[in-house]
Each structure stands twice: as C-alpha cells, then as structure tokens.
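Every number in this note's numbering is 190 more than the matching position in the sequence shown, counting from 1.
Heads up, the beta-carbon is just placed ideally off N, CA and C, and yes, glycines get one too.
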Amino acid sequence: MTQAGFSAADREHGVPERGIRRGAPADVVPVGVSDAERATTFMAASLLLDYPGADFLARLDAVDDVVASLPEQLAVLFTDFTGWARAHGLRAVEETYVATFDEQRRCALELSYYAVGDTRQRGQALLAFRELYRAAGFEQEGDELPDYLPAILELVARSIDDPVTSGVLPAHREGLEVLRTALYQRESPWCGIVTAVCAVLPEITDDVVERYQKLIRQGPPAELVGIHNLPFPTLQEARP
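Next up, the structure:
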C-alpha cells in the first residue's frame with residue numbers, strides 16, 4: 191500500500207494518490223451571500239458530497255450551471271472539484287469517495303457523530319434530526335441516517351427561510367470544521383466543498399474554535415454515563 195492507502199492496482203485503475211499531511215487548513219473567510227445564494231451553495235454541496243453513483247456526471251453538469259451565479263470565491267471551490275472529477279472519471283471518484291468517507295472515521299458524513307460519538311446519546315441525536323425533517327414538512331428518502339450531511343444540506347437548502355432548519359448547520363460547526371480538517375490532511379478534493387459550506391455560515395466564534403480544537407485532539411466522545419442533554423439544540427429548544 192502507498193502512504194495514501196492505495197495499492198498499485200488502484201493506481202492502474204486511475205485512483206489518484208493522496209498524501210497525508212499535518213496541520214490545519216487556513217481559516218474560512220466568510221462570504222456575504224443572499225439567502226438564495228446560500229441555498230444554492232448548500233444544494234450544490236449536497237450533490238457533490240453524496241455518493242457518486244450513476245447520475246454523478248449529470249450532477250457535475252448541474253453544479254457547474256448553478257454555481258456560475260455565486261460569488262467567484264465560492265464558485266471556484268465547486269468548479270475545482272468538478273474539474274478534478276471529470277479528469278479522473280467516475281470509477282476513480284467512486285473509489286476515492288469510499289476510501290475517504292467510508293473508511294475514515296474522522297471523515298464521517300454523519301453530523302451527530304462529531305457531537306456525541308458512538309455513545310448512548312446517538313439515538314437521541316438521530317431522533318432530534320428525524321423530528322427536524324417532519325417539522326419542515328419533509329420525509330427523508332434512502333437508507334442513510336437522518337444526520338447524513340448531504341441530506342441535511344438539501345433540507346436546509348429547500349427550507350432556507352425556516353429559522354430552525356437554518357440553525358442546524360451552525361449548531362454543528364465544530365463537527366464541520368473537524369471534517370474539513372480531516373479532508374485537508376488527506377489532500378481530499380472534497381475539502382473545498384466543505385469549505386464552501388462553512389464560508390456561508392455565520393462567522394465562527396471562540397467557543398466553537400475551542401470545541402473544534404478539543405475534537406481534533408481527543409476525537410468524538412467514546413461513551414457517557416447515562417443520557418444527558420444533547421450538545422446542540424433540539425427542535426423544541428430551537429423554536430422561538
């Protein structure tokens with residue numbers, strides 16, 4: 191195996207090598223956008239962070255079309271990815287996706303994993319996400335857990351005016367930053383997509399930075415004694 195975790199056979203099939211580097215990515219520079227542009231950012235990210243199945247090339251075309259209306263510093267994060275994906279082909283993208291998101295715990299796409307880990311709070315957290323879908327008038331499709339980031343991005347994009355659904359991504363900002371750092375360290379092309387999501391969220395606070403740094407050092411919680419309050423607001427708590 192190579193340093194990036196790909197064999198010689200993988201490289202013959204076109205899987206791009208990715209190194210492992212230390213450190214953290216540059217701080218996200220917030221980009222001022224309208225609600226419509228924020229929704230476009232979230233929907234485009236949802237399409238590219240989901241598994242690259244048979245419709246992936248069509249998704250790339252759709253993303254290129256819609257991000258043309260975004261500020262340049264956002265649009266380039268998406269077009270860099272779509273260019274990379276087209277250059278390497280669907281099979282290589284699929285294999286790289288699996289090696290990144292399915293085989294690396296620090297690259298998990300399930301938001302509550304970063305907040306509560308694999309603890310007894312996880313079930314409570316997933317229930318809170320299911321309630322969020324129902325409250326917004328949506329039913330989740332597919333077999334993914336309700337905290338699956340591409341599904342949450344689509345939910346927020348389709349209900350961008352709802353203050354409750356709009357608050358779910360800022361409430362999980364530290365988890366998004368951990369994911370962004372893990373992708374940066376693996377030199378993953380998906381790092382730019384998560385960066386785009388973070389760039390249209392409220393500016394990160396000192397408290398979030400502290401929690402993010404703790405997650406980087408220690409990882410998500412392993413287990414807790416009993417069931418306590420979740421580290422993010424539930425639907426009832428978020429309602430005005």
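Check whether the Cβ atoms of residue i and residue j lie closer than 8 Å to each other.
| i | j | result |
| --- | --- | --- |
| P220 | A389 | yes |
| L339 | L373 | no |
| D333 | F319 | no |
| V288 | T272 | no |
| L239 | W380 | yes |
| D351 | D225 | yes |
| L391 | P360 | yes |
| L299 | R276 | no |
| Q375 | R212 | yes |
| A347 | A229 | yes |
By Cβ distance below 7 Å, which residues in the same chain neighbour residue i in space, the five residues on each side in sequence not counted?
| i | result |
| --- | --- |
| E344 | M233, S236 |
| L405 | Residue placement at L405 cannot be trusted, given a pLDDT of 46 that sits under 50; the coordinates are not used to answer. |
| G222 | none |
| T269 | D254, V257 |
| Q330 | Y323, P336, A341 |
| L280 | P242, F246, L247 |
| G382 | L267, D270, F271 |
| E284 | P242 |
On the premise that residue j lies in contact with residue i, defined as a C-beta separation below 8 Å, what is that separation, rounded to the nearest angstrom?
| i | j | result |
| --- | --- | --- |
| L260 | E227 | 6 Å |
| T231 | V387 | 7 Å |
Residues in the same chain with beta-carbon distance under 8 Å from residue i, minus the five sequence neighbours each way, listed in chain order, please.
| i | result |
| --- | --- |
| T385 | P215, V218, L267, R370 |
| F328 | L345, R348, S349 |
Quick one: what's got a C-beta closer than 6 Å to residue i's C-beta in the same chain, skipping five residues either side?
| i | result |
| --- | --- |
| R296 | A372 |
| E164 | Examination of residue 164 is not possible in this model, given that the chain is present from 191 through 430 alone. |
| W274 | P379 |
When you compare the CB of residue i with every CB in chain C, is at least one pair closer than 8 Å?
| i | result |
| --- | --- |
| D240 | Looking for chain C here will not work: only one protein chain is present. |
- Query: What beta strand (DSSP E) runs, 3 residues minimum, are completely inside the stretch 222-279?
  - Reply: With a minimum length of 3 residues, no continuous beta strand (DSSP E) run stays inside the stretch 222-279.
- Item | Unbroken stretches of the alpha helix (DSSP H), 4 residues or longer, contained in the stretch 296-376 | Correct list: 301-306, 311-325, 339-348, 353-356, 358-361, 363-375.
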